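The opening position of the sequence shown corresponds to residue 1325 in this note's numbering, with each subsequent residue numbered one higher. Where is the CB? At the ideal position from N, CA and C, for every residue including glycine. The model shown is predicted, which means the values in this text are computed figures rather than measured ones. Structure record follows, encoded as structure tokens.
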Amino acid sequence: DGIQPLLSAWTRTIFDFGETAWREYQSAAWYVDRLKREGFSVEEGSGGMPTAFCAHWTNGAGPTIGMYAEYDAVPGNCQDAVTVRQPRPGLGAEAGGHTDPHSGLGIA
């Protein structure tokens, strides 16, 4: 419960970037920085993609767990975090935005 406010703030950060596929430069940089601060080693530009990365962390012998994060926005779905149709401040409705909670997958 103590980390919930941070998780919400981090999710909102990625939500507000609203970067569409192959253009998630701010989002990728944010994740790389966050992972490094949490003690992960991070390979940037994985697979020759500038917005891709691979993070690794270990606490000794044991199982290996792989995770996948998807955080690209959908073009034409710019929406502020309000209950009425309203683009994020300073943007038009056709800008990139998140139409479902998949932007939170990276936070998990």
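is_contact[residue i, chain B] using C-beta, thresh 8 Å
{"i": "G1363", "result": "Looking for chain B here will not work: only one protein chain is present."}
CB of residue i within 8 Å of CB of residue j, strictly
{"i": "F1377", "j": "E1367", "result": "yes"}
{"i": "D1404", "j": "A1345", "result": "no"}
{"i": "T1375", "j": "E1394", "result": "no"}
Extent of the continuous alpha helix (DSSP H) to which residue i belongs
{"i": "V1398", "result": "That residue, V1398, is in no alpha helix (DSSP H); it is neither H nor E in DSSP."}
{"i": "A1352", "result": "1349-1361"}
Proximity to residue i [Cα-Cα], best of the options
{"i": "H1422", "options": "G1326, P1329, E1343", "result": "E1343"}
{"i": "A1379", "options": "F1339, R1347, Y1392, L1330", "result": "Y1392"}
Cα-Cα separation between residue i and residue j, rounded to whole angstroms
{"i": "T1407", "j": "G1400", "result": "18 Å"}
{"i": "E1418", "j": "D1340", "result": "14 Å"}
First and last residue of the uninterrupted beta strand (DSSP E) at residue i
{"i": "S1365", "result": "1365-1368"}
{"i": "A1379", "result": "1377-1380"}
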